[in-house]
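The block underneath contains the structure these notes are about, expressed in structure tokens.
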């Protein structure tokens, strides 16, 4: 074992590595590297066509801003600062989590997180048992049992002996298998083999166990949890990648222009320049036309580099930061219960929120609250309980349980007739609740009088027992032989004769008890399909009635269980008990014998009724899922939980409906079998598929409307995400709340953490976090959509603006001997992208809205342009470039025509270089301002201020820099003295500016008008609708009830073995399989 | 443009949906992390949302058309009314009197002179501006443009003796700093043009005003002679040498003190480099003497040229231009024609779009929005 401490690094940087790592990451951006290259070029005097400061100042600004932002993004303090007790030299010491090393013996207390992978030594419970909840690891909500080795459990709470514990553990190297552990403990010359049952994994929570001691086996990054979480990757959005590609293309374009101009220069130098030498010397270095062309090439690269201005990247970052703040500030994503606003943890991904195609969601804690409530029941053919959907109405008063001092206050029920039946003494109703109070594996604990605490191993069971408790059948305590129940106020002790334990095949559990008056009864609860087969024939009528009710319950997405009882005669029982004991003692296939014995007695039962438990969904989950599906987002649920529970949740949140007539389940355990099942499926569509299993899985899964994968390990979750990313090239989002979702959150394009009750690990690994699943709708449909829309508009405009700005130099090249002379003043070039034209487009990128938030939510289809990448793609980019090219053409040639060989209105200069520069620059500023005014669809005061302000600032700076005062101080740097006032006082200059503006803008308006008039997009229509003040179209979300359902909604997050544990305390064996289920809809068959 | 203040509508509260009802839970605590309810943070800033509808676009096109066409006609007519007379005196044509001077070089002594006679058919009524025009002359070449020292030209004494490196290779000559340094100054136009009115075979010289041809700011701010205790320019320029191509130093450009040295207006005009390879620069002013006579009557004139400036080697052309000026500058038909064209296109587009809108317009059936 290596000595790794428990510090887990989830952050990218530390103080030392920050600068190099951050710079390296920044230079990974093609554009940044390219700017540095340009900067180096500018330092060569023969090439430098621009002052060096025009590049280095913005570059420094960019790097500083980005670095500061990255540093704040990367939340440094990840290590938990929770105190923890550890043993050193027989003294309990409080230690921080991060200081725990392998070999330490540490003490854990009830309801605390396990800090490292531990070998369980001893615990407060008998036999060295301890209970853990693994929801953080695999999403399963039931408790699991771990048992210490008998030799170590003897150590008990004796600190001195524990401190002297000197066992040596030899085990497998760190790996990511959560359900497997092999190792050997050498202690006191003995060897004890270790397996998964002896270890507590990091991320589990200790439950129902006051304390336990454990020796650290793996700490920090070696723990199975961290082995499962995958590597932190530098996430970049598809727009980022597109921008990098475009930067390369632009660079190619730049090189082409550079070559054209360089060739032009060579020819010019040869044909014209050679004769012009009496006025235009040869430089000493430059002595041939070819070499001159070569130098000119680089000079032009420098001048034209502003087609990809440095400020693009800063602006993009600023816009993303702004959008992030808007998300942080959104009151509609603030959860008052938890006092948690939404939080953006990675600020560089916002626009990708508008392009999501696949959502991968965790189940437990994300979609469900992990709270089970007893919601309805059917007793002897009569249903009780109101529909889950009606109970939100305030006028429904919950049943008052004040008559019962032991009632659980949190329990609510909305049907008064049931309580009346109980009070009236309806025998069947009593029997029903008696069953619930007897047939379970719950442990109870009465701390103070009237304060009864149940230790449940599955929340379902807890819900049932609690229901019975509230209705007056209070399970008080149990011993291995007895169960004590307070029935309607009087204590009754039942002899517990046998527990016929639950398992996945039997799908039922029974208890056989003897009442105080000697009657022997069997109480059974289980899946209706199983139970109905073993009823007494006389139950026919009740059965059909009950199964109608069950269907109704199932239709509402409730988890159902059928209940039955059977009176046994003493002889019958004794006879059977012998069989049971034989089975119990058999060595081979004991389980088979046991099952047969159970079968034997569980028949001819009398039906009592059925229960319906609601696995409480998070608020608004159904609506959210429905809206997101409308927006054409596919939602996959990935859970470590069992198939039944997963499917049940699928139904209850309407991801699965009965109209999906073809639910396809792949449940094979080996790769080959899965392959065959998938193959079979493909046989239907006569598609010959070769290649990987992965491919087939993705192919099938992606054709499905809904996919639910269960029994997946954390790493498999990430693999599923990677598969879709790889094969579909789609933008994915993963949402989860637990440590088991970290890997998925990290590997998806966007990871969202639910900041739930416990555990911040998912949140810490996520890019966004909020408190409720339902905020996802707003995050995607409003913020994501706006972000994408704004970013695309911003990019379109930005590229347009810079092409218009830069290509003027290209045209001018043909008239200045290809000498790389700039059209504009150097100051204008430096300031244009930073000052004159940056704020209006930033304001648009930050505040623009095409349709308001309400419409964005109502018309989920508005989300589609993002998924199809319609607003900014290569085609759009070329349109922007063409637009920029056209504008630059107008900008250059209109002044050229107007000032060709002419004079001003005072007869003096008008066609001099400086006046020409001022005219073109002023035209440019006005044209781009008018263009941004046309592009802005949401004019806030800030937009108005920035657009008008930019023009004002332009003139202010222009007149300042052309003023006498500044020239006198720096005559070499501001040679344009007096130019503004001389040029801009000429009418013809203004006529040229006006003409240029109209010529540049007119075609754009024409195209835009034609597009909106002839082929309006959905956005335009919604928009116009809004303007015309029509009533917004109502978009009712209708609840789809499952009718005609033949399937059972049986789902029970129960695990076998607890019955045995109760009666014997023996160890148990759990087998886990990994398999996927795919559920698919009928729409698929129509496709093929 | 259609304007819609939607802030109110928003504030009225579409807070249904997933909205969190009220701040009751966290209210009052003061430490709540609930975001502020400001219009800015909630993205509810009041805004107007213009939209391109037929009602706004079509009238805009018609209005632009209706404004631009008259402006264009106005400019066009004005431009056509400008009197302009232009002579190419380069002498490439062998019949030209200046043909003999074609291959002149700098500093050729005695200077080559030639005379060109011409006739003005119409009188020039208002003030006449005399220009020299050069073609194929790349005053906008990068190496040329930057080859000057504005600090020196501004009278800075240290720059005078130590000119900027940008002036290379015209920075020093014979180990002395050149004043004014650089290629622009070195290549200053130095032909002398004189105009005579031929009235009954007598040559009456026309007064050519050499002052007032440069911008006020150039003459008074940008260009200044070096400072010193003396007014004697010769002394002030002590220690410098003349540009290589110049026949005489900068302090001998003119006899008048206020037009000599760096503030010589011919020099200033030359130093304001042209944007395009074909350009004209103001050379002299011919002011109208009285209201009874036109500035230049119709009739015969002769132009005496002292031909110093070689342009033939790089296929350049030299011209003398006489022109009057209007409110929008010198003669140039481009702007007028461009305005008329753009105005017509706008108007035409307006008509086309109107037809398209009425025939195929798709805006009416926007009520049924698919979802």
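Chains as they are written, first to last, in the UniProt record's numbering: chain X, 1 to 1088; chain B, 1 to 371.
C-beta atoms are modelled at their ideal positions from N, C-alpha and C, and glycine is treated no differently.
| query | result |
| --- | --- |
| Reduced DSSP category for residue 508/X - H, G, I as helix; E, B as strand; rest coil | strand |
| Whole-angstrom C-beta distance between residue 735/X and residue 330/X, which should lie under 8 Å | At roughly 17 Å, the Cβ-Cβ gap does not stay under 8 Å, so residue 330/X and residue 735/X are not in contact. |
| Inter-residue Cα distance where the pair is residue 219/X and residue 201/X | 10 Å |
| Buried or exposed (CB count within 10 angstroms, at least 16 for buried), residue 180/B | buried |
| Start-end ranges of the alpha helix (DSSP H) lying completely within the region 189 to 258 of chain B, minimum 4 residues | 233 to 236 |
| Counted within 10 angstroms of its Cβ, other Cβ atoms place residue 358/B as buried (16 or more) or exposed | exposed |
| Residue 788/X vs residue 354/X beta-carbon contact at 9 Å | yes |
| Spatially closest choice to residue 161/X from 169/X, 105/X, 205/X, by CA coordinates | 105/X |
| Contact belief for residue 268/B with residue 218/B at Cβ below 8 Å, rounded distance in angstroms | 5 Å |
| Cβ-Cβ separation, residue 918/X to residue 221/B (assumed contact under 8 Å), whole Å | Actually they are not in contact, since the Cβ atoms of residue 221/B and residue 918/X sit about 17 Å apart, beyond 8 Å. |
| Beta-carbon spacing of residue 293/X, residue 328/X below 9 Å | no |
| Cβ-based neighbour list, residue 250/X, same chain, cut-off 7 Å, excluding 5 preceding and 5 following | 307, 308 |
| Completely contained beta strand (DSSP E) runs for the region 234 to 297 of chain X, where each covers 3 or more residues | none |
| One or two residues paired with residue 177/B in a DSSP bridge | 172/B |
| Of the residues 171/X, 54/X, 288/X, 300/X, the one placed nearest residue 808/X, counting alpha carbons only | 300/X |
| Within chain X, the residues that residue 57/B reaches when beta carbons sit closer than 7 Å | 1005, 1009 |
| Chain X contact for residue 252/B (CB, 9 Å cutoff) | no |
| Cα-Cα separation between residue 138/B and residue 99/B, rounded to whole angstroms | 23 Å |
| Test: residue 931/X CB closer than 9 Å to a CB of chain B | no |
| Whether residue 213/X touches residue 123/X by CB criterion (9 Å) | yes |
| Interface residues of chain X facing residue 46/B [CB-CB closer than 9 Å] | 940, 941 |
| Closer than 9 Å to chain B by CB, residue 825/X | no |
| Cβ of residue 955/X within 9 Å of any chain B Cβ | no |
| CB contact check: residue 357/B to chain X, cutoff 9 Å | yes |
| Whether residue 319/B touches residue 90/B by CB criterion (9 Å) | yes |
| C-alpha distance - residue 845/X paired with residue 351/B, whole-angstrom precision | 35 Å |
| Proximal residues, the region 875 to 909 of chain X versus chain B, C-beta separation under 9 Å | 894, 895, 896, 897, 898, 899, 900, 901, 902, 903, 904, 905, 906, 907, 908, 909 |
| Test: residue 840/X CB closer than 9 Å to a CB of chain B | no |
| Euclidean distance between Cα positions of residue 512/X and residue 499/X | 6 Å |
| Under 8 Å by beta carbon: chain B residues contacting residue 811/X | Those within 8 Å of residue 811/X in chain B number zero; the least Cβ separation is about 12 Å. |
| Buried versus exposed call for residue 52/X [16 or more other C-beta atoms within 10 Å across all chains shown] | exposed |
| As assigned by DSSP and simplified to three states, the class of residue 614/X | strand |
| As assigned by DSSP and simplified to three states, the class of residue 352/B | helix |
| is_contact[residue 853/X, chain B] using C-beta, thresh 9 Å | yes |
| Contact set between residue 911/X and chain B, taken where Cβ atoms lie within less than 7 Å | 274, 275, 276, 279 |
| Where the alpha helix (DSSP H) containing residue 544/X begins and where it ends | 540 to 555 |
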